[in-house]
Amino acid sequence: MPISIIVRNYDVDSSKYEALRNTPRPGHADLTYELKYGIRDWRGGGRSSARETIGRVAAGAIAKKILLISGIEVLGHVVELGGIRANAVDIENIRENTEKNPVRCADPDAAIEMEAMIQQARSEGDSVGGIVEIISTGVPAGVGEPVFDKLSAELAKGLMSIGAVKGVEIGAGFRSAIMKGSQNNDQIGVCNGKPVPDSNNSGGILGGISNGQQIVCRIAVKPTPSISKEQRTVDLSMMKETKIKITGRHDPSIPPRIVPVAEAMVALVLVDQMMRGGS
Ligand SMILES: Cc1cc2nc3c(=O)[nH]c(=O)nc-3n(C[C@H](O)[C@H](O)[C@H](O)COP(=O)(O)O)c2cc1C
C-alpha cells in the first residue's frame, strides 16, 4: 500500500509575516506567486516555504533504507559557505564529521570559519549561500535511461526542484568547460578483472548511465532571501515603492539546512531509476 506520513506543526507563528502581507520579499517567491495566482499565503510563504521539504526528507528516509539493502549510501556535506572553501576530505571523514558541527561541513577547521561567517552576516542583517556536495556510493553500473531521462538529468531536476538551489553540477561540472579532453577524460584500466576508470571527472555518470563509480553532485545554494537589512520593494495594495526589513525565524544560511533535503532527493531519484531498470 502507499505509505502516508502526516506531520502536524504545533510551532506555528505567523505574526512576523503580517508585515509582508502586501510587500513581496526581494529574492523570495512572493512576487511570482502574486503574478501567477493573484493571491498567496503570506502567513509563512505557503508552498514556496522550505516547510514543504519535510515531505521530501520523510520520503527520502524511506528511499535511503531501500538503497541500503543494495549497499548504496547517499552522503551530503557543505563544501563552501560564504566564500570559505572546505579542504577535500575522504568519504570516511564525510560520514564521521558532517553531523558533528552545525554547518554540516566535514572539514572541522573550515566549519569553525563558516560558523563565524554566518554569525557575521547575521549581525549585519544579511545572509550567505554556499555549495553542497552529495556523494552516492555503491551505485552499480547501469542505472539510468539513455536519452531524455538520463540519470544526470533526473538528478538535476530533483535537486533543482529544491528552493534556493540555483545550479547543479555533476563530476567536474562547470570546471570541465575549461579542461582539455585529455584532462577531462577518465582513462580506463583493469581492476579485479573489470574495466575501471582511474579518475572520476564524469561524476560516475556517462551517457546518462552510472558506471559504478561514486556519483558526485554539487548544488549552488543562494543566500537566504529573508534578511533584516533594509531593501526596496513595492506595497502592492497602493502600488507604491516602499522599504522592508524582514524579521522572524529565518535561516541565516541555507546550505547546512539543505543537506538532508538534497540527500533525500538524490535517494528518491536513485530508487526511482533503479526500479525503472528492473531492480
Ligand atoms: C532548507 C531550506 C531552508 C530555507 N530557509 C529559508 C528561510 O529561512 N527564509 C527564506 O526567506 N528562505 C528560505 N529558503 C529559501 C526559499 O524557500 C526560496 O528561496 C524561495 O522559495 C524562492 O525560491 P528560489 O530561491 O528557488 O527561486 C529555504 C530553502 C530551503 C531549501
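Numbering (this note's numbering), first residue to last: 5 to 283. Idealized CB from N, CA, C, for every residue including glycine.
Report task. Give a single yes or no on whether S232 has its beta carbon closer than 8 Å to a heavy atom of ligand 1. Result -> Using a cutoff of 8 Å, the CB of S232 does not count as near ligand 1, since none of the ligand's heavy atoms is closer than that.
Query raised in the report: Can we count P112 as close to ligand 1, meaning its CB is less than 8 Å from some heavy atom?
Result: It does not: the Cβ of P112 is nowhere closer than 8 Å to a heavy atom of ligand 1.
Report task. Report the three-state DSSP secondary structure of K68 (helix, strand or coil). Result -> Collapsing the DSSP output to three states places K68 in a helix.
Query raised in the report: Going by C-alpha distance, which of R236, K247, S203 and S230 is nearest V220?
Result: With distances taken between Cα atoms, V220 lies closest to S203.
Query raised in the report: Between V83 and the rest of its own chain, which residues show a CB-CB distance below 6 Å, the 5 nearest in sequence each way excluded?
Result: For V83, the CB contacts under 6 Å within the same chain, skipping 5 residues up- and downstream, are A90, I135 and E137 in chain order.
**Report entry** Which of helix, strand or coil DSSP assigns to P30
**Finding:** DSSP, reduced to helix, strand and coil, places P30 outside both helices and strands of the structure shown, so it counts as coil.
Query raised in the report: CB-CB under 7 Å to S232, same chain, minus the five flanking residues each way: which ones, in chain order?
Result: The beta carbon of S232 sits closer than 7 Å to the beta carbons of G129, K249, I250 and T251 from its chain, once the five residues preceding and following it are set aside; these are given in chain order.
Query raised in the report: What three-state label does DSSP hand P112 in the structure shown?
Result: Under the three-state reduction of DSSP output, P112 falls in the helix class.
Requested in this report: Within its chain, find whatever has a CB closer than 8 Å to the CB of V238; leave out the 5 residues flanking it on each side and keep chain order.
Outcome: If the five residues before and after V238 are omitted, its C-beta is found closer than 8 Å to the C-beta atoms of T27, P28, K244, E245 and T246, all from its own chain and listed in chain order.
Query raised in the report: Thinking C-beta only, is A62 closer than 9 Å to H81?
Result: With a cutoff of 9 Å on beta-carbon distance, H81 and A62 are scored as not near each other.
**Report entry** Cβ separation of G142 and A268, assumed to be a contact under 8 Å, to the nearest whole Å
**Finding:** Rounded, the Cβ-Cβ distance is 17 Å, inconsistent with contact.
Query raised in the report: Roughly how many whole angstroms lie between the Cα atoms of Q235 and G167?
Result: Using only the alpha carbons, I get a separation of about 21 Å.
Requested in this report: Can you grab the Cα-Cα spacing for the pair V200 / G193, in whole Å?
Outcome: Taking the straight line joining both Cα atoms gives about 5 Å.
**Report entry** Supposed close pair S214, G146 - CB separation, criterion 8 Å
**Finding:** Indeed, because the Cβ distance is near 6 Å, the residues count as touching under 8 Å.
Query raised in the report: How long is the line joining the alpha carbons of P229 and N196, rounded to whole angstroms?
Result: When rounded, the distance between both Cα atoms is 50 Å.
Query raised in the report: Taking the beta strand (DSSP E) that K170 falls in, what are its first and last residues?
Result: In the DSSP annotation of this structure, the continuous segment of the beta strand (DSSP E) that includes K170 starts and ends at V169 to I174.
Query raised in the report: Using 8 Å as the Cβ pair cut-off and three pairs as the minimum, do the segment 166 to 180 and the segment 64 to 76 touch?
Result: By the Cβ test, the segment 166 to 180 is not in contact with the segment 64 to 76, since fewer than three Cβ pairs between them sit closer than 8 Å.
Report task. Leaving out five residues on either side along the sequence, give the residues of the same chain with a beta carbon under 7 Å from the beta carbon of A271. Result -> Excluding residues within five positions, the ones whose Cβ falls inside 7 Å are G64, A67, K68, L71 and V78.
Requested in this report: Identify the continuous beta strand (DSSP E) that holds R222 and give its terminal residues.
Outcome: For R222, the uninterrupted beta strand (DSSP E) run begins and ends at I219 to V225, by DSSP.
Query raised in the report: Between R12 and G59, what straight-line distance do the alpha-carbon atoms span, to the nearest angstrom?
Result: Straight-line Cα distance between these residues: approximately 12 Å.
Query - Beta-carbon proximity of I95 to V107, cut-off 9 Å - result: Not a contact, by the Cβ cut-off of 9 Å.
Query raised in the report: Name the DSSP bridge partner or partners of K198?
Result: C195, per the DSSP bridge assignment.
Requested in this report: Counting only the same chain and skipping the five closest in sequence on each side, list residues whose C-beta sits under 7 Å from that of V132.
Outcome: So the list reads L85, G86, M121, I122, A125, P227 and S257, once near-sequence residues are dropped.
Query raised in the report: Which first and last residues belong to the beta strand (DSSP E) in which K247 is found?
Result: Run containing K247: K244 to I248, per the beta strand (DSSP E) assignment.
Query raised in the report: Whose CA, out of W46, V273 and K198, lies closest to the CA of Q217?
Result: Per the Cα distances, K198.
**Report entry** From G49, R280, L155 and I76, residue whose alpha carbon lies closest to that of G212
**Finding:** Here the closest residue by C-alpha is L155.
Query raised in the report: Relative to the alpha-carbon of L274, which residue among V93, V151 and L163 has its alpha-carbon at the smallest distance?
Result: Measuring from the Cα of L274, the nearest candidate turns out to be L163.
Query raised in the report: From which residue to which residue does the beta strand (DSSP E) around V239 run?
Result: The residue asked about is misnamed: residue 239 is Asp in this sequence, not Val. Element bounds for D239: Q235 to D239.
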